[in-house]
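See structure below.
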Amino acid sequence: MALQIHQFPCLSDNYGFLLHDPDSGETAAIDTPDGAEYLRQADAKGWRITQIWNTHWHPDHAGGNKAIVEATGAKVLAPQEVEKLSPIDRVVAHGDTVALGAHEAGVIDVSGHTNGHVAFHLPDDGIAFVGDSVFALGCGRMFEGEPEQFWSSLDRIRSLPPQTTLYCAHEYTAANAKFALHADPDNAELRAYADEITTKRERDEPTVPTRLDRELATNPFLRADDPGLMAKWGGAAPHETFAALRAAKDAF
Numbered sequence: 153m154a155l156q157i158h159q160f161p162c163l164s165d166n167y168g169f170l171l172h173d174p175d176s177g178e179t180a181a182i183d184t185p186d187g188a189e190y191l192r193q194a195d196a197k198g199w200r201i202t203q204i205w206n207t208h209w210h211p212d213h214a215g216g217n218k219a220i221v222e223a224t225g226a227k228v229l230a231p232q233e234v235e236k237l238s239p240i241d242r243v244v245a246h247g248d249t250v251a252l253g254a255h256e257a258g259v260i261d262v263s264g265h266t267n268g269h270v271a272f273h274l275p276d277d278g279i280a281f282v283g284d285s286v287f288a289l290g291c292g293r294m295f296e297g298e299p300e301q302f303w304s305s306l307d308r309i310r311s312l313p314p315q316t317t318l319y320c321a322h323e324y325t326a327a328n329a330k331f332a333l334h335a336d337p338d339n340a341e342l343r344a345y346a347d348e349i350t351t352k353r354e355r356d357e358p359t360v361p362t363r364l365d366r367e368l369a370t371n372p373f374l375r376a377d378d379p380g381l382m383a384k385w386g387g388a389a390p391h392e393t394f395a396a397l398r399a400a401k402d403a404f
């Protein structure tokens, strides 16, 4: 049977994700911004959390590990940096594989927002959980990484199959759209996307998940190698244009 994904709001602007395999009965918590809320949501679905997959160490992504582990005995699979907050049962890094029942996910290094940030890509299911590496029409703030490193990470995401559904961790899309339109005002597909986002948010509907093919056409941070954006924002190489875009977004 296909995997089931339960998405729900968490904290002020996070999304929580529970990934459930009906065949094995296993459930993975993808990041843990609020342990108590994850436990409530899992209980309401009749699911027991058996694994935690953390994308990075920030408290709004791993801060609920302890509460969930104490309640369920779930095993924590996470990059080494998560040990800043709580114990890990299995350290994962680029090239590793994790499994939920018979469903396998590849671990991808997407460092830049933080060092050690990973994404979980389930190719047979056409989905990826990308944490704060990339958002709908945006990307994470560069807290620990360097521009060339972050651009390389985004390039790994760009290399996934275009139809991949991206589950990013925050409802930042309306604000991201405003900057994207500032960065790339002549992009007709972006303007149409921004209009859809405005309508969704007026209805209090989520803008997550998104699809990679749409982001490739509209997200300026994934398009830092576009000649028009390079000419507008400067940079002799894509990572330099990315750095200029990220700095402009930080000050926007």
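Note that the sequence shown covers residues 153 to 404 in the numbering used here. Even for Gly, the Cβ is constructed at its ideal location relative to N, Cα and C.
So what's residue i in DSSP terms, helix, strand or just coil?
i	result
residue 267	coil
residue 193	helix
residue 243	strand
residue 181	strand
residue 274	strand
residue 328	helix
residue 208	coil
residue 140	Nothing about residue 140 can be reported from this structure: the residues present for the chain run from 153 to 404 only.
residue 156	strand
residue 349	helix
residue 228	strand
residue 358	coil
residue 372	helix
residue 333	helix
residue 215	coil
residue 237	coil
residue 296	coil
In angstroms with no decimal places, state the Cα-to-Cα distance between residue i and residue j.
i	j	result
residue 353	residue 359	8 Å
residue 363	residue 237	31 Å
residue 215	residue 382	38 Å
residue 163	residue 392	34 Å
residue 192	residue 277	26 Å
residue 252	residue 205	10 Å
residue 348	residue 370	13 Å
residue 304	residue 224	37 Å
residue 184	residue 160	12 Å
residue 250	residue 203	10 Å
residue 318	residue 279	6 Å
Nearest to residue i by alpha carbon, out of the options?
i	options	result
residue 153	166, 178, 160	178
residue 195	220, 205, 185	220
residue 208	311, 321, 334, 313	321
residue 240	313, 227, 252	227
residue 271	366, 216, 244	244
residue 266	330, 273, 298, 280	298
residue 380	188, 339, 176	339
residue 361	254, 167, 173	167
residue 188	342, 212, 173	212
residue 291	310, 279, 222	310
residue 174	184, 165, 200	200
residue 259	312, 367, 235	312
residue 335	378, 283, 176, 218	378
residue 404	330, 350, 356	330
residue 282	387, 308, 401, 300	308
Could you pull the DSSP bridge partners for residue i from this structure?
i	result
residue 252	255
residue 322	166
residue 317	279, 363
residue 423	Past the edges of the chain, shown from 153 to 404, lies residue 423, and the structure says nothing about it.
residue 201	Answer is none; residue 201 lacks a bridge partner.
residue 261	270
residue 161	167
Which residues bound the beta strand (DSSP E) around residue i?
i	result
residue 171	166-172
residue 283	279-283
At a threshold of 7 Å, does residue i count as lining the ligand NAP (C-beta to nearest heavy atom)?
i	result
residue 164	Because no ligand of any kind appears in the structure shown, any question about the ligand NAP cannot be addressed here.
Since residue i is in the alpha helix (DSSP H), which residue starts that stretch and which ends it?
i	result
residue 302	299-310
residue 398	390-403
residue 381	379-385
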